[in-house]
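Colleague: I have a structure here, written as structure tokens, and I will follow up with some questions on it.
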Amino acid sequence: MLTLPPDYHPSDSEEFMNPLQVEYFRHKLLRWRAELLKEADETLASLSEGGIHEADITDRASVETDRALELRTRDRARKLISKINQALQRIEAGTYGYCEETGEPIGLKRLEARPIATLSIEAQERHERMEKIHRDD
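Have a look at this one:
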């Protein structure tokens, strides 16, 4: 394991996916996953506190709507955690940061914005255009 300097941020002047960059993104992904898991635990604790105790039917409907929204959010977080785990596996395999379609570097700015990205911007745009074409059929 490599120790990152506390103020380290990847830059284009470095070799792409050098050990510092890899460790930086590993830490970023691990922090993100820990945050999502903590939120999931809080949701579970909140939901296990018991049933809905609101006497007013409008208040009860509001609480039920909030719970349904929270469960949908947790489901999205579960899927996101899976993608984070896949990104961590790509780090271990040495393929993280490279487009699954072209093999070209994804780019630091894109990885900063979306560390689970598997396609370069160009490949993602092509993919979305193809989806739109096939969806319109």
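Mapping of the sequence shown onto my numbering: residues 929 to 1065, in sequence order.
Every residue gets a Cβ at the ideal spot worked out from N, C-alpha and C, and that includes glycine.
If you're wondering where the values come from, they're calculated on a predicted model, not measured in any experiment.
For Arg-1063 versus Ile-1019, is the C-beta distance shorter than 7 Å?
Modeller: Contact: no.
Colleague: Looking at the unbroken alpha helix (DSSP H) that takes in Glu-992, where does it start and where does it end?
Modeller: Residues 985-1021.
Colleague: Provide the residue(s) that pair with Pro-1033 in DSSP beta bridges, ordered along the chain.
Modeller: Partner(s): Tyr-1026.
Colleague: Looking at the structure shown, is Ala-1045 part of a helix, part of a strand, or coil, going by DSSP?
Modeller: Note: Ala-1045 maps to coil in three-state DSSP.
Colleague: With three or more C-beta pairs closer than 8 Å as the rule, is the segment 985-999 touching the segment 953-968?
Modeller: Contact between the segment 953-968 and the segment 985-999 is absent, because fewer than three Cβ pairs lie under 8 Å.
Colleague: Can you find the residues in the same chain that come closer than 8 Å, C-beta to C-beta, to Leu-932, ignoring five residues on each side of it along the sequence?
Modeller: These residues qualify, in order along the chain: Leu-948, Glu-951, Tyr-952 and His-955.
Colleague: Considering only their Cβ atoms, is the gap separating Lys-1011 from Ile-1034 smaller than 7 Å?
Modeller: No; because the gap between Cβ atoms is not below 7 Å, this pair is not in contact.
Colleague: Is the closest heavy atom of the ligand NAD to the C-beta of Leu-964 under 6 Å?
Modeller: The ligand NAD is absent from the structure shown, which contains no ligand whatsoever.
Colleague: To the nearest whole angstrom, what separates the beta carbons of Leu-957 and Leu-1016, a pair I think is in contact under 8 Å?
Modeller: The Cβ separation is near 6 Å, so the contact holds.
Colleague: Within 10 angstroms of the Cβ of Leu-1036, are there 16 or more other Cβ atoms? Answer buried if so, exposed if not.
Modeller: Leu-1036 is buried by the Cβ-count criterion.
Colleague: According to DSSP, is His-1062 helix, strand or coil?
Modeller: Helix, per DSSP.
Colleague: Drop a sphere of 10 angstroms on the beta-carbon of Tyr-936, count the other beta-carbons inside from all chains shown, and report buried for 16 or more, exposed for fewer.
Modeller: With fewer than 16 other Cβ atoms within 10 Å, it is exposed.
Colleague: Could you have a look at His-955 and say whether DSSP puts it in helix, strand or coil?
Modeller: Residue state, collapsed to three classes: helix.
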